[in-house]
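Colleague: Here it is: the structure, laid out below.
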């Protein structure tokens, strides 16, 4: 299994030229299954969290990927 945490913090101006600060965190737990030596299947679930001046939205997601010959 894997667990990844990301954070992005930015600042800027909105449409009314008011100062705003955005903070987005993401936690991604996942599983990797190596089918053969050269092929891996990955299943992840992204948990997204918007904070500060960002509205909270439902944008969590399941991700499935396959990689081979890398």
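Numbering (the working numbering), first residue to last: 536 to 605. All C-beta atoms, glycine included, are put in the ideal place defined by N, C-alpha and C.
Thinking C-alpha only, which one of 560, 579, 598, 570 is nearest residue 536?
Modeller: It is 579.
Colleague: Hey, would you say residue 581 sits closer than 8 Å to residue 595, going by beta carbons?
Modeller: yes
Colleague: Does DSSP classify residue 552 as helix, strand or coil?
Modeller: coil
Colleague: What is the rounded straight-line gap between the Cα of residue 576 and the Cα of residue 584?
Modeller: Cα-Cα distance, rounded: 26 Å.
Colleague: Closest by CA to residue 598, which one among 563, 552, 545?
Modeller: Nearest option by C-alpha distance: 563.
Colleague: What does DSSP give as the partner residue(s) for residue 580 in the beta ladder?
Modeller: 597
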